[in-house]
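Okay, so the sequence shown: first residue is 2 according to my numbering, each after it adds one.
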Amino acid sequence: MKHARDLGDMSMSETPSKGLDEKFCSECGLIIKAKAEICPKCGVRQASPFANLGAVAPNGKSKLAAVLFAFFLGSFGFHKFYLGQTGIGVVYLLLCWTFIPGVLGIIEGILLLIMSDEDFIRKYGST
2 MKHARDLGDM SMSETPSKGL DEKFCSECGL IIKAKAEICP KCGVRQASPF
52 ANLGAVAPNG KSKLAAVLFA FFLGSFGFHK FYLGQTGIGV VYLLLCWTFI
102 PGVLGIIEGI LLLIMSDEDF IRKYGST
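Here you go:
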């Protein structure tokens with residue numbers, strides 16, 4: 002296996018092969034350790050595998066968290082409290098015994114899931 006320090010000795014005809022515990026740098030293509038956060042050659046921070054799990058608004062609200070709250074705790078209006086809609090959250094909490102908020106929570110979870118990241122930030126991004 003060729004590591005970052007060994008690539009200088011490699012001739013042009015050899016193709017670098019990466020091992021199971023290695024990855025290519027997203028910027029320069031150098032083989033680096035899979036757990037490396039920064040490439041030793043170009044200094045570019047490597048993207049986290051969890052970087053694209055959903056939009057995060059400037060106020061810190063996460064689209065993924067809102068979807069999960071709507072699906073699992075929607076009958077209590079938890080997603081409404083999380084997104085800053087306290088009044089509607091209280092109504093959901095008062096009516097949770099009717100199961101209507103549970104159905105609405107699932108529907109709203111689906112709507113949040115298919116909403117674009119830009120729309121989520123526009124709608125829920127203000128403080």
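The beta carbon of each residue, even a glycine, is placed where N, CA and C say it ideally should be.
Item                                                                                                : Value
Coil, strand or helix - V91 by DSSP                                                                 : helix
Assumed close pair V68, G110 - CB separation to whole angstroms, cut-off 8 Å                        : 5 Å
Inter-stretch contact (C-beta, 8 Å, three-pair minimum) for the stretch 88–99 and the stretch 32–50 : no
Whole-angstrom C-beta distance between I122 and A58, which should lie under 8 Å                     : 5 Å
Residue interval of the beta strand (DSSP E) (run including I39)                                    : From DSSP, I39 is part of no beta strand (DSSP E); its letter is neither H nor E.
Secondary structure of S27, DSSP reduced to three states                                            : coil
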